[in-house]
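Visitor: Sharing a structure here in structure tokens format.
In our numbering, the protein residues as written are 1 to 111.
Laid out in structure tokens, this is it:
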């Protein structure tokens, strides 16, 4: 399950152009400990995994390698005709689920 964690940590840190030292300070762990996370020699505890996911603004599933979805779309209730209508933000695209019934099944898990 956590076999991709070290890869994702390295990718996300490099995307932000941070050193291991920078990131270890940001999450308040010793640099050596963080280095072991990236090398796959040590697995962070659950609290640290959650902290890392929040820091990088990704889902825990993405961080662990269980999903390629970095962030779940925001679900916003629509103040319009029907109380069952929803707007969903998905990769910069706003989808009104009630307007596109064929899209509803795709987004039902988020409603």
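No residue lacks a Cβ here, since even glycine has one placed at the ideal position from N, Cα and C.
Since we're looking at a predicted model, the values are computed, not measured.
1) For residue 38, which three-state DSSP category applies?
2) Go to residue 8, then tell me how far its alpha helix (DSSP H) extends in each direction, as first and last residue.
3) Enumerate in chain order the residues of its own chain whose CB-to-CB distance from residue 5 is below 6 Å, with the five nearest sequence positions on each side excluded.
4) Grab the span of the alpha helix (DSSP H) containing residue 64 for me, first residue to last.
5) Taking the alpha carbon of residue 24 as the reference point, which residue from 52, 72 and 59 has its own alpha carbon closest?
6) CA-CA distance, residue 22 and residue 44?
7) Quick one: using the 10 Å Cβ neighbour count with 16 as the cut-off for buried, is residue 14 buried or exposed?
8) Just how far apart, CA to CA, sit residue 71 and residue 31?
9) How big is the Cα-Cα spacing for residue 10 and residue 38?
Guide: In short:
1) helix
2) It spans 5-15 - the alpha helix (DSSP H) in which residue 8 sits, taken as one unbroken run.
3) 64
4) 60-64
5) Ranking 52, 72 and 59 by CA distance to the CA of residue 24 puts 52 first.
6) 17 Å
7) exposed
8) 27 Å
9) 6 Å
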